[in-house]
Every structure is written in C-alpha cells, then in structure tokens.
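Read top to bottom, the protein sequences are chains A and B.
Take 10 as the starting number for the first sequence in our numbering and just add one per residue.
Take 10 as the starting number for the second sequence in our numbering and just add one per residue.
Glycine included, C-beta positions come from ideal geometry on N, C-alpha and C.
There are 2 protein chains.
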Amino acid sequence: MSKEITSRAADYSQWYNDLVLKGELADYSAVRGCMVIKPYGYALWENMRDALDKMFKDTGHVNAYFPLFVPKSLFEAEEKNAEGFAKECAIVTHYRLKTDPNNKGKLMVDPEAKLEEELIVRPTSEAIIWNTYKGWIQSYRDLPLLINQWANVVRWEMRTRLFLRTAEFLWQEGHTAHATKAEAIEETEKMLHVYADFVENWMAVPVIKGVKSANERFAGAEDTYCIEALMQDGKALQAGTSHFLGQNFAKAFDVKFSNKENQLDYVWATSWGVSTRLVGALVMAHSDDQGLILPPRIAPLQVVIVPIYKGDEQKAMIGTKADAIIKELKALGIRVKYDDNENTRPGWKFAEYEMKGVPVRLALGARDIEKNEIEVARRDTKEKRVVSLDGIAQYVESLLKDIQQYMYNKALVYRDEHITKADSWDEFVKLLDEKGGFISAHWDGTGETEDAIKEKTKATIRCIPLNNEPEAGQCILTGKPSTQRVLFARAY
Amino acid sequence: MSKEITSRAADYSQWYNDLVLKGELADYSAVRGCMVIKPYGYALWENMRDALDKMFKDTGHVNAYFPLFVPKSLFEAEEKNAEGFAKECAIVTHYRLKTDPNNKGKLMVDPEAKLEEELIVRPTSEAIIWNTYKGWIQSYRDLPLLINQWANVVRWEMRTRLFLRTAEFLWQEGHTAHATKAEAIEETEKMLHVYADFVENWMAVPVIKGVKSANERFAGAEDTYCIEALMQDGKALQAGTSHFLGQNFAKAFDVKFSNKENQLDYVWATSWGVSTRLVGALVMAHSDDQGLILPPRIAPLQVVIVPIYKGDEQKAMIGTKADAIIKELKALGIRVKYDDNENTRPGWKFAEYEMKGVPVRLALGARDIEKNEIEVARRDTKEKRVVSLDGIAQYVESLLKDIQQYMYNKALVYRDEHITKADSWDEFVKLLDEKGGFISAHWDGTGETEDAIKEKTKATIRCIPLNNEPEAGQCILTGKPSTQRVLFARAY
Numbered sequence: 010m011s012k013e014i015t016s017r018a019a020d021y022s023q024w025y026n027d028l029v030l031k032g033e034l035a036d037y038s039a040v041r042g043c044m045v046i047k048p049y050g051y052a053l054w055e056n057m058r059d060a061l062d063k064m065f066k067d068t069g070h071v072n073a074y075f076p077l078f079v080p081k082s083l084f085e086a087e088e089k090n091a092e093g094f095a096k097e098c099a100i101v102t103h104y105r106l107k108t109d110p111n112n113k114g115k116l117m118v119d120p121e122a123k124l125e126e127e128l129i130v131r132p133t134s135e136a137i138i139w140n141t142y143k144g145w146i147q148s149y150r151d152l153p154l155l156i157n158q159w160a161n162v163v164r165w166e167m168r169t170r171l172f173l174r175t176a177e178f179l180w181q182e183g184h185t186a187h188a189t190k191a192e193a194i195e196e197t198e199k200m201l202h203v204y205a206d207f208v209e210n211w212m213a214v215p216v217i218k219g220v221k222s223a224n225e226r227f228a229g230a231e232d233t234y235c236i237e238a239l240m241q242d243g244k245a246l247q248a249g250t251s252h253f254l255g256q257n258f259a260k261a262f263d264v265k266f267s268n269k270e271n272q273l274d275y276v277w278a279t280s281w282g283v284s285t286r287l288v289g290a291l292v293m294a295h296s297d298d299q300g301l302i303l304p305p306r307i308a309p310l311q312v313v314i315v316p317i318y319k320g321d322e323q324k325a326m327i328g329t330k331a332d333a334i335i336k337e338l339k340a341l342g343i344r345v346k347y348d349d350n351e352n353t354r355p356g357w358k359f360a361e362y363e364m365k366g367v368p369v370r371l372a373l374g375a376r377d378i379e380k381n382e383i384e385v386a387r388r389d390t391k392e393k394r395v396v397s398l399d400g401i402a403q404y405v406e407s408l409l410k411d412i413q414q415y416m417y418n419k420a421l422v423y424r425d426e427h428i429t430k431a432d433s434w435d436e437f438v439k440l441l442d443e444k445g446g447f448i449s450a451h452w453d454g455t456g457e458t459e460d461a462i463k464e465k466t467k468a469t470i471r472c473i474p475l476n477n478e479p480e481a482g483q484c485i486l487t488g489k490p491s492t493q494r495v496l497f498a499r500a501y
Numbered sequence: 010m011s012k013e014i015t016s017r018a019a020d021y022s023q024w025y026n027d028l029v030l031k032g033e034l035a036d037y038s039a040v041r042g043c044m045v046i047k048p049y050g051y052a053l054w055e056n057m058r059d060a061l062d063k064m065f066k067d068t069g070h071v072n073a074y075f076p077l078f079v080p081k082s083l084f085e086a087e088e089k090n091a092e093g094f095a096k097e098c099a100i101v102t103h104y105r106l107k108t109d110p111n112n113k114g115k116l117m118v119d120p121e122a123k124l125e126e127e128l129i130v131r132p133t134s135e136a137i138i139w140n141t142y143k144g145w146i147q148s149y150r151d152l153p154l155l156i157n158q159w160a161n162v163v164r165w166e167m168r169t170r171l172f173l174r175t176a177e178f179l180w181q182e183g184h185t186a187h188a189t190k191a192e193a194i195e196e197t198e199k200m201l202h203v204y205a206d207f208v209e210n211w212m213a214v215p216v217i218k219g220v221k222s223a224n225e226r227f228a229g230a231e232d233t234y235c236i237e238a239l240m241q242d243g244k245a246l247q248a249g250t251s252h253f254l255g256q257n258f259a260k261a262f263d264v265k266f267s268n269k270e271n272q273l274d275y276v277w278a279t280s281w282g283v284s285t286r287l288v289g290a291l292v293m294a295h296s297d298d299q300g301l302i303l304p305p306r307i308a309p310l311q312v313v314i315v316p317i318y319k320g321d322e323q324k325a326m327i328g329t330k331a332d333a334i335i336k337e338l339k340a341l342g343i344r345v346k347y348d349d350n351e352n353t354r355p356g357w358k359f360a361e362y363e364m365k366g367v368p369v370r371l372a373l374g375a376r377d378i379e380k381n382e383i384e385v386a387r388r389d390t391k392e393k394r395v396v397s398l399d400g401i402a403q404y405v406e407s408l409l410k411d412i413q414q415y416m417y418n419k420a421l422v423y424r425d426e427h428i429t430k431a432d433s434w435d436e437f438v439k440l441l442d443e444k445g446g447f448i449s450a451h452w453d454g455t456g457e458t459e460d461a462i463k464e465k466t467k468a469t470i471r472c473i474p475l476n477n478e479p480e481a482g483q484c485i486l487t488g489k490p491s492t493q494r495v496l497f498a499r500a501y
C-alpha cells in the first residue's frame with residue numbers, strides 16, 4: 010500500500026490532511042487558500058446538497074441567484090456586517106488586462122480600466138440581497154420571502170485548511186423577509202432544526218443546538234443560533250448557523266412594507282447557512298486510521314463488489330452473478346460499483362475502498378457462488394461475515410441502515426462522554442488540556458470574561474444550549490454570580 | 010392587467026426584456042451587467058441543469074469544483090486563450106478593506122493589502138484546470154479524465170442583456186483529457202450531440218450542428234463545434250459549443266503522460282459549455298405577445314388548476330375534487346399547483362399563468378363537477394377544450410407530451426423556412442434585411458472575406474454544418490472559388 014496515512018494518535022492534524030488528500034476528496038490548488046474539490050469529494054457534497062435542498066423546499070423555500078460582486082457602497086451600508094467582514098474581502102478594482110509592453114507574451118492590469126467603484130467578492134450576501142429585496146417588497150402580501158441561494162463565497166483567511174477554512178468555499182445561504190418579529194424568530198429556529206436534522210440523520214453526527222454569546226454572533230445579527238458538533242480530538246466544530254437579523258438590514262437598505270393596517274414598517278430578516286466545511290466535520294467525526302468512514306445515506310458509493318477469481322472462466326461466472334446482485338441493489342436505490350479492474354489485486358482494492366470509506370464491501374469468489382454465499386464487510390466496524398446469496402440485496406439494504414444508526418450512536422456516546430461539568434478554574438483548565446470536549450461551566454455573562462477565558466485557554470463559548478436549565482452558580486473565572494451553565498470548548 | 014408587454018412587432022428587443030422581467034425570470038441588479046435570477050427563472054435553470062447533469066453522468070462524466078480565481082501567471086500561460094479573454098477580465102488586486110480615516114462609517118481599499126500577484130476572476134477555467142491536471146496525470150492509466158464543473162464565470166461585457174449577455178453568468182464547463190487525438194475529437198463530437206439532444210428534446214428548440222470558421226473559434230481551440238438555434242426575429246443564437254483543444258493546454262501547462270509504449274506525450278484536451286444564456290434562447294424561440302411559452306419537460310410548473318367558485322361551499326367542494334386530481338397528476342410525476350388565492354380573480358390568474366408560460370391550465374367550477382367535466386387550456390396554441398374528468402390525469406399527461414412535440418415542430422418549421430440559399434451578393438443582403446434567418450452561401454474560406462462580410466452586413470458565419478454536401482461555387486463577396494456552402498446569419 011502506497012497510501013499510508015498518519016495515525017490520529019501521532020498527529021491528528023496530519024491524519025486529517027492525509028484523509029482528505031488520499032481519500033481523494035480535495036487537492037491543493039495554485040491559488041493561495043483555495044482548494045480543488047475532487048470528483049469523489051464533490052459527489053459527497055452533491056449528496057449533502059441535494060438532501061438539504063429537498064429539506065429547504067419541503068419547508069417552503071425557493072432558490073434564486075444573486076450577483077457574485079457587491080459594490081463597496083452597498084457592502085458598507087450595514088455597518089456592523091461591513092466591519093465584521095472588511096478584513097477578509099477580495100476586492101475587484103479593474104476590469105481589463107493588456108499586453109505588457111515591457112514583457113513579451115505577458116499581460117498586465119490595464120491602469121485605464123480602473124473601476125469607478127470597487128466591487129467586493131461576496132463574503133456573504135445580505136447586502137446585495139437586501140438591496141434587491143427593496144424592489145420586491147411593498148406590502149405584507151409580498152411577505153414572507155423565503156429564498157435560498159447555493160453559491161461560492163470568498164473570505165480571505167490567513168491560515169487555511171482543506172474544507173475547514175478555505176478562502177473560497179461553497180455554501181448555501183438562506184435569506185428570508187418577514188412581516189413580524191415573531192415570524193422571523195420562528196423561521197430562524199425552524200432552520201436551525203432543519204440543520205440539526207440533516208447533520209444528525211444524514212451525516213450521523215450528533216449536535217447541540219444553542220445560541221451564541223454576543224461575542225460570537227454573526228456581524229449584523231441580533232441573535233445567532235448554532236449547531237455544534239464534537240470531533241474525535243475533543244475539539245468542537247460549528248456545523249451551521251441561523252441568524253435572526255432583526256430589522257438591521259431593512260433599516261440599512263430602507264426596506265419597508267405596508268402592513269395589514271396600512272402602516273409602514275421595516276421588514277424583519279433571517280439568514281442561515283452551511284458550507285463545504287461540513288465535509289471536514291464529516292471526515293473528522295467518523296474516520297479512523299485506515300481512512301474515511303462515510304455514513305451510507307450520503308456516501309457517493311454505498312456498496313462495492315470485488316470479484317475474487319483465477320482465469321477468465323471464473324471471472325465471467327462471477328461477473329454474471331454480480332450483475333444479478335447489482336440489478337437487485339439498484340432496484341432498491343442502492344449506489345453500487347463492481348470493480349473488476351485487472352490492473353489491481355483484490356487486496357489493493359480492499360485497502361482502496363477502506364481508504365475511501367465505502368460503507369459495505371462484498372467479496373465474491375467462485376467457491377462462494379458454489380456455496381451460494383458471499384462475504385460482507387462493514388467499513389465502520391470492520392466486521393466481516395459470510396452470508397447467503399439468497400436475499401442478499403435486502404440484507405445489504407438493512408445493513409446500510411444499521412451502519413447509519415451505529416455510526417450515529419457511536420458518535421453520540423463519544424460526544425455525551427465529552428460533556429463535562431467544571432466548577433472551578435483549575436478543573437476547567439485541566440479538563441480542557443486533558444480530556445477536551447464540551448465543558449459545562451458557569452459564566453458571568455460578560456464579553457470581557459469570555460475574552461479573558463479565550464486568551465488564557467483558547468476555549469470559547471460554543472453555545473448556550475436551547476432549553477438550558479437555569480442554575481445558580483459562580484463564574485469559573487471571576488466568581489461573579491451566574492444563572493446558567495454554558496458550553497465551552499476549543500474549536501475548529 | 011398591469012402586466013402588459015410590448016408586442017414582438019412593435020419592438021422585439023423590448024418584448025424580450027418585458028418577458029424576462031414580467032415573467033419573473035430575472036431582475037436587474039445594483040452591479041453593472043450582473044442580473045438577479047429570480048426564483049421562477051432559477052427553477053427553470055435547475056430543471057435544465059438537472060437534465061444536462063444526468064446526460065453528462067450517463068456519458069461517463071463526473072463533477073468537480075475548481076477555484077474561482079486564476080493567478081495571472083497561469084492565466085497568461087496559454088497565449089491565445091489569454092489574449093482572447095484579456096479584455097474582459099475582472100481582476101482582484103487587494104484582499105482587505107479598512108476604515109476610511111477621512112470618511113466616517115465608510116470603508117476604503119487597504120493599500121497595504123495589495124496582492125503580490127493579481128487574481129483573475131475566471132472567464133473560463135482551462136488554465137486553472139490544466140494546471141491542476143498536471144498533478145493528476147502521469148500515465149495512460151490516469152486517462153481519460155472526464156470532468157465537468159457547474160460554476161459562475163465573469164466576462165466583463167460593455168453591452169449586456171438579461172440572460173443573453175451578462176458580466177456574470179452560470180454555466181457548466183466540461184474539461185476532458187485524453188491519450189489520443191482521435192479520442193479527444195470523438196469526445197468533442199459526443200458532447201455536441203448531447204447538447205443538441207438536450208436543446209431539441211428538452212427545450213424544444215431545433216439546432217444546426219456544425220463547426221465554426223477559424224475566426225469564430227474559441228481562443229485556444231483547434232476546432233470549435235457548435236449548435237446554432239434560430240430566434241423568432243430571424244437572428245441566430247449559439248446555444249452551445251464543444252472545443253477540440255488539441256495539445257495546446259497540455260503544452261502550455263506541461264502536462265505529459267507515458268503511453269502504453271512507455272513514451273512521454275502531451276495530453277489531448279476538449280472543453281465544452283452551455284450557460285444561462287440558454288434561458289434567453291428558450292424565451293425568444295417560443296414565447297408570444299401574451300408572455301412566456303415554456304416546454305413541458307423543463308417548465309417549473311406544468312399544470313395549474315384554477316377554481317371558479319362562488320362562496321365557501323363551492324370552494325370547498327371544488328377543493329376536494331382538485332385534491333384528487335392533483336394526487337393523480339403528482340403520481341404521474343407532473344408538477345402541478347392549485348391556485349385558490351382569494352386576493353386575485355380567475356381572470357387575473359389566467360393572465361398571470363399565461364405570462365409565466367405554464368403549459369396547461371385547468372379551470373374547475375361547480376357546474377363542471379356536476380357534469381363530470383373540466384376545462385383544459387393549452388398555453389402554446391391557446392386552444393381550450395372541455396373534457397371528461399374521467400382519466401383527466403392521463404389526458405393531461407398525454408397533452409403535455411403533445412405540447413412538447415408541437416412546440417418543437419412549430420420551431421422546426423419556422424427554422425427550416427428560414428434557411429435560404431443566396432447566390433449573389435445582392436440576394437444575400439436582401440435576404441438578410443428582409444427575411445433574416447440562416448443564409449446558405451458560398452464563401453472563399455478566408456478570414457478576411459468573413460471579416461469584410463461582417464463589417465458590411467453584421468452577419469457572421471454561424472457554422473459549417475456537419476455532413477455538409479460538397480458543392481462547387483463562387484464566394485458571394487469575392488467571386489473566388491468555393492467548395493461548399495456555409496450558414497451565415499446575424500446573431501445574438
């Protein structure tokens with residue numbers, strides 16, 4: 010095997026990079042901080058996108074597409090939002106190249122083609138969208154607007170990591186407009202639940218739903234709801250956010266509507282998004298030292314069949330049997346591949362599909378067919394079992410469901426074992442350094458304390474869980490009174 | 010009706026804009042030359058994208074995603090390609106904004122955040138992709154690479170039109186790599202046929218398949234194949250192109266592979282693309298003075314049911330019957346909407362769905378139900394018919410197929426009536442001015458003559474049809490000998 014990967018124990022970060030590169034999910038590119046999403050990684054993203062897209066449509070949303078560029082004057086209209094993203098903006102200043110007179114065959118930016126107003130490559134689309142909504146909304150009859158966009162965005166990051174933090178990434182951003190505050194908050198919460206449903210039931214990654222502290226809010230939001238997942242190294246990862254934007258953008262872009270009483274009021278807004286970052290979360294939540302482990306519901310390939318044969322006669326016989334199995338599996342909607350490539354041996358194939366995280370591997374030999382049997386191997390537990398060929402398709406279908414559930418349960422057990430209460434500063438620091446995971450602790454509710462904790466430990470408040478139980482206590486850092494515990498963690 | 014549109018006869022160009030805006034396909038944006046694709050227009054594009062995507066996958070292609078930005082040094086590597094796009098490039102020069110010290114609340118480009126190397130916003134992705142392929146291709150075993158990308162691209166156009174020519178547009182671009190010239194040419198032609206199949210059988214727009222003259226070739230291609238469609242004003246529209254790129258990009262990016270004989274050779278390339286421009290073609294090919302006419306296979310909504318009632322009792326009864334019909338239609342995979350909105354009257358609804366080009370409208374009243382009947386109206390011919398409610402779903406299913414075929418046939422008759430032979434210059438000019446359409450004429454084969462004809466008449470060679478019959482003749486402009494006719498037209 011040429012494709013050895015670093016173990017988690019040796020270097021978790023390198024293990025992750027190895028998985029992404031050798032699992033053929035993505036590759037580095039010639040553009041600083043930007044990655045290439047390879048076909049296998051993109052197929053995974055397509056499955057995630059399609060599942061989410063259906064959930065959005067089932068909850069009444071429609072897709073649209075808004076421009077990539079945001080004129081600077083629009084970008085700066087909502088001040089907090091602008092301030093939050095100003096330091097990470099790619100900026101288009103010119104619209105033409107010309108031949109470089111001093112450098113044969115080379116091009117240079119044409120200084121005469123300078124834009125009157127610079128264009129920001131969207132880091133998020135509230136500004137351009139709310140400027141557009143102004144023309145679409147006059148009356149309560151035009152509301153709600155429930156629009157989603159699948160797009161690329163750019164945030165200039167100094168330190169990048171494949172999928173987790175890249176200068177350009179793919180995402181969806183929902184932008185909704187409502188007549189009342191209550192309705193906008195309801196939408197914000199609804200989409201949080203949609204995200205949680207997707208991440209838990211499709212990605213098999215348990216999440217904690219909560220709201221962010223003021224420090225961690227989206228720039229321009231009144232409230233940011235989030236789902237937080239736990240990776241195998243005990244660090245948290247924000248898997249999706251849903252923002253209640255109040256009337257901030259409506260005021261910045263002067264978007265008013267006449268309500269049923271014929272009075273003018275500013276429109277209420279939400280926005281919510283998940284990105285290709287989820288692919289990174291998926292990799293880190295489930296995989297092992299042999300490669301990726303992908304949950305069946307979104308795995309590009311759910312089943313691979315590898316023939317074990319000597320000579321053309323055996324190969325033909327196995328091929329015929331495999332065809333019949335494939336037909337049955339496909340009839341059940343299962344994504345299956347038959348790999349009879351002659352350039353590689355079965356052992357190499359086994360390692361390759363293990364690396365790629367294909368949930369179920371079937372190995373079929375001539376003697377198996379004689380015995381009316383087949384070898385079934387699960388990727389997640391590595392368990393192998395010889396089963397009857399009778400009803401094999403139904404067996405595999407049921408196994409894929411078991412694997413999906415097993416992966417979720419395993420991640421849930423790990424996650425629940427890694428939510429620990431801390432009641433003193435020393436305990437807090439020790440838990441962070443030695444155990445990791447979420448630490449449930451009292452906090453005095455101020456941004457200053459949160460900043461101080463972050464500076465001392467690199468841990469941040471991941472969220473204040475929804476339906477948190479009130480509990481009187483003392484802030485672990487300042488000792489000041491607190492009314493509830495919040496969840497801290499080091500995070501991606 | 011507030012939504013009146015300009016007639017084709019009065020102003021074809023304004024008619025088109027009216028349809029796009031009032032049919033709610035797209036809207037202008039605050040960004041020069043960029044449009045907003047509205048939900049109805051985007052749903053149409055999604056149907057087109059999904060159909061094409063399936064055709065690409067069925068022919069062995071996979072999707073991937075490459076960076077939005079192309080560093081200038083890569084962009085200029087293939088000189089012809091670079092030269093062809095240099096004048097229409099949006100260029101990122103800075104990566105940060107900062108507070109403007111002289112202008113409270115405003116931002117300015119931070120001069121200290123200037124990029125060492127400028128980034129071009131991709132106008133097409135050959136450069137970034139072939140630079141990536143270099144790392145992926147070593148041996149003939151790595152070939153062919155059959156990759157497609159769905160993405161946004163930017164080409165800075167001075168004069169823009171909704172869908173037809175916008176600074177940013179959505180498209181797909183296939184980029185394939187092959188071991189032999191023959192295989193690359195085969196791929197180029199295969200994808201041309203895929204495009205023709207899609208445009209004819211899904212969009213109901215007949216096309217002529219051909220190759221471009223050297224003047225009209227894609228910058229960096231050895232040969233450009235195209236499909237050309239005819240709009241109702243007699244102007245042609247290039248609906249898709251497929252390029253045989255030879256070894257140009259492999260040489261520019263030094264992409265070699267060892268062949269079966271273990272010799273190093275440059276890789277052969279193709280690229281092919283269609284864009285949101287197709288939405289413009291669809292609008293102009295079929296619609297009329299009352300609004301859009303969309304072909305059933307890609308219409309976002311195929312059937313609308315409008316209840317005609319007085320009072321709640323009738324409304325409830327009609328609603329129950331409509332539910333049953335909708336259930337049957339959905340079971341047949343038909344996209345249907347029931348519009349019982351009380352804020353608008355049936356007449357308004359009829360006009361609205363006519364504007365939006367919904368292929369079939371069903372009107373259902375209390376008396377219809379008594380008589381076990383329903384009124385069925387086709388959008389394309391405006392024909393209305395009262396039919397039995399028994400088997401209504403099957404009737405509608407069959408009608409949708411008829412409409413699809415009828416729309417294609419109608420466009421085909423128009424197109425075929427507008428391919429005219431011209432054997433003299435006077436005849437050529439007269440046909441262009443008075444009849445329009447494609448003009449089949451002899452041409453001496455030189456770029457100079459083609460340029461001269463374009464300058465005199467604004468007509469260009471749209472293509473040299475595939476399987477063109479050889480025919481000796483004389484160039485209509487220069488009188489020099491010619492071996493075949495080619496198709497000229499004024500074009501979008």
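Closest to residue 389 of chain A by CA distance: which of A/348, A/355, A/442, A/308 is it? Locating residue 389 of chain A in the first sequence gives position 380, where the first residue counts as 1. Answer by Cα proximity: A/308.
Using a threshold of 8 Å, state whether the C-beta atoms of residue 155 of chain A and residue 146 of chain A are closer than that. Within the first sequence, numbered from 1, the residue matching residue 155 of chain A stands at position 146. Within the first sequence, numbered from 1, the residue matching residue 146 of chain A stands at position 137. Against a cut-off of 8 Å, the Cβ pair of residue 146 of chain A and residue 155 of chain A comes out as no contact.
Spatial neighbours of residue 166 of chain A within its chain, please: C-beta separation below 8 Å, excluding the five flanking residues on both sides. Taking the first sequence and counting its residues from 1, one reaches residue 166 of chain A at position 157. So the list reads 42, 97, 174, 175, 176, once near-sequence residues are dropped.
Could you list which residues in chain A have their beta carbon closer than 8 Å to that of residue 255 of chain B, in chain order? By 1-based counting over the second sequence, the position of residue 255 of chain B is 246. Correct list: empty, because the minimum Cβ distance to chain A is about 19 Å.
Counting only Cβ pairs nearer than 7 Å, list the residues of chain B close to residue 103 of chain A. Counting from one through the first sequence, the residue named residue 103 of chain A turns up at place 94. Under the 7 Å cutoff, chain B gives 100, 102.
Cα-Cα separation between residue 202 of chain B and residue 180 of chain B, rounded to whole angstroms: Within the second sequence, numbered from 1, the residue matching residue 202 of chain B stands at position 193. Within the second sequence, numbered from 1, the residue matching residue 180 of chain B stands at position 171. Distance between the alpha carbons of residue 202 of chain B and residue 180 of chain B is about 18 Å.
Taking only beta-carbon positions, decide if residue 51 of chain B is within less than 8 Å of chain A. By 1-based counting over the second sequence, the position of residue 51 of chain B is 42. With 8 Å as the cut-off, residue 51 of chain B counts as an interface residue toward chain A.
Any chance the stretch 99–107 of chain B sits against the stretch 220–237 of chain B, with 3 or more Cβ pairs inside 8 Å? With the cut-off at 8 Å, the stretch 99–107 of chain B and the stretch 220–237 of chain B do not touch.
Determine, for residue 336 of chain A, whether the minimum Cβ-Cβ distance to residues of chain B falls below 8 Å. By one-based count along the first sequence, residue 336 of chain A stands at place 327. Output row for residue 336 of chain A: interface = no.
With 8 Å as the limit, tell me which residues of the stretch 62–89 of chain A have their beta carbon closer than that to any beta carbon of chain B; keep them in chain order. Per Cβ criterion, the list reads 71, 72, 73, 74, 75, 76, 77, 78, 79, 80, 81, 83, 84, 85, 88.
Contact criterion: CB-CB distance below 8 Å. Does residue 36 of chain B meet it with respect to chain A? As a first step, residue 36 of chain B must be located in the second sequence, where it is residue number 27. Answer yes: the Cβ-Cβ gap between residue 36 of chain B and chain A drops below 8 Å somewhere.
Within 8 Å (strictly less), CB to CB, does residue 139 of chain B reach chain A? The count along the second sequence starts at 1 and reaches residue 139 of chain B at position 130. With 8 Å as the cut-off, residue 139 of chain B does not count as an interface residue toward chain A.
Check the Cβ of residue 91 of chain A against every Cβ in chain B and list those closer than 7 Å, keeping chain order. Residue 91 of chain A sits at position 82 when you count from the first residue of the first sequence. The contacting residues are 116.
Close Cβ partners of residue 451 of chain B (< 7 Å) along its chain, the five nearest in sequence each way excluded: In the second sequence, the residue the question calls residue 451 of chain B occupies position 442. Taken in chain order, the residues that qualify are 482, 483, 484, 485, 491, 494.
So which residues on chain B does residue 165 of chain A lean against when the C-beta distance must stay under 9 Å? Sequence index remark: in the first sequence, residue 165 of chain A carries index 156 (1-based). In chain order: 104, 105, 122.
With a cut-off of 8 Å on the beta carbons, I'd call residue 152 of chain A and residue 276 of chain A a contact; round off their distance for me. For this step, residue 152 of chain A is matched to residue 143 along the first sequence. For this step, residue 276 of chain A is matched to residue 267 along the first sequence. Right, the Cβ-Cβ distance comes to about 7 Å (below 8 Å), so this counts as a contact.
Using a 10 Å radius around the Cβ and a threshold of 16 neighbouring Cβ atoms, would you call residue 110 of chain B buried or exposed? Start at 1 with the first residue of the second sequence, and residue 110 of chain B comes out as number 101. Flag for residue 110 of chain B reads exposed.
Apart from the five residues on each side of it in sequence, which residues of its chain come closer than 6 Å, Cβ to Cβ, to residue 123 of chain B? Position 114 of the second sequence holds residue 123 of chain B. If the five residues before and after residue 123 of chain B are omitted, its C-beta is found closer than 6 Å to the C-beta atoms of 103, all from its own chain and listed in chain order.
Please tell me whether residue 273 of chain A has its Cβ less than 8 Å away from any Cβ of chain B. As a working note, residue 273 of chain A is residue 264 in the first sequence. Output row for residue 273 of chain A: interface = no.
What number of angstroms, rounded off, separates the C-alpha of residue 72 of chain B from the C-alpha of residue 284 of chain B? Your numbering for residue 72 of chain B matches position 63 in the second sequence. Your numbering for residue 284 of chain B matches position 275 in the second sequence. Residue 72 of chain B and residue 284 of chain B have their C-alpha atoms spaced approximately 16 Å apart.
Does the CB of residue 130 of chain A have a neighbour CB from chain B at under 8 Å? In the first sequence, counting from the first residue as 1, residue 130 of chain A sits at position 121. It does; some Cβ of chain B falls within 8 Å.
Within 10 Å of its beta-carbon, does residue 27 of chain A have 16 or more other beta-carbons around it, so buried, or fewer, so exposed? Reading the first sequence from its first residue, position 18 is the one you call residue 27 of chain A. Counting Cβ neighbours within 10 Å, residue 27 of chain A comes out buried, since at least 16 surround it.
Contacts that residue 179 of chain A makes with chain B (C-beta to C-beta distance below 9 Å): Locating residue 179 of chain A in the first sequence gives position 170, counting from the first residue. Here the neighbours are 74.
Taking the straight line between their C-alpha atoms, what separation do you get for residue 10 of chain B and residue 30 of chain B? As a first step, residue 10 of chain B must be located in the second sequence, where it is residue number 1. As a first step, residue 30 of chain B must be located in the second sequence, where it is residue number 21. Confidence is the limiting factor: at residue 10 of chain B the pLDDT is only 42, short of 50, which leaves the residue's position unreliable and the question unanswerable from this model.
Below 7 Å on C-beta distance, what does residue 156 of chain B contact in chain A? Position 147 of the second sequence, counting from 1, holds the residue named residue 156 of chain B. Within 7 Å of the CB of residue 156 of chain B, the CB atoms of chain A belong to 48, in sequence order along the chain.
So residue 95 of chain A contacts chain B; which residues on that side make the cut at Cβ distance below 8 Å? Along the first sequence, one-based indexing puts residue 95 of chain A at 86. In chain order: 105, 106, 107, 108, 116.
Closest to residue 207 of chain B by CA distance: which of B/54, B/474, B/61 is it? As a position in the second sequence, residue 207 of chain B is number 198, starting the count at 1. Measuring C-alpha to C-alpha distances from residue 207 of chain B to each of B/54, B/474, B/61 identifies B/61 as the nearest.
Could you tell me which of A/162, A/187, A/169 sits nearest to residue 178 of chain A, measuring between CA atoms? The residue you call residue 178 of chain A lines up with position 169 of the first sequence. Measuring from the Cα of residue 178 of chain A, the nearest candidate turns out to be A/162.
Whose C-alpha, out of B/54, B/22, B/360, is nearest the C-alpha of residue 306 of chain B? Here residue 306 of chain B is taken as the residue at index 297 of the second sequence, counted from 1. Out of B/54, B/22, B/360, B/54 has the C-alpha closest to the C-alpha of residue 306 of chain B.
Helix, strand or coil for residue 24 of chain A per DSSP? Against the first sequence, residue 24 of chain A aligns to sequence position 15. In this structure, DSSP gives residue 24 of chain A a helical state, which the three-state scheme calls helix.
Residue 6 of chain B by DSSP, collapsed to three states: which one? The question about residue 6 of chain B has no answer here: the residues shown for chain B are numbered 10 through 501.
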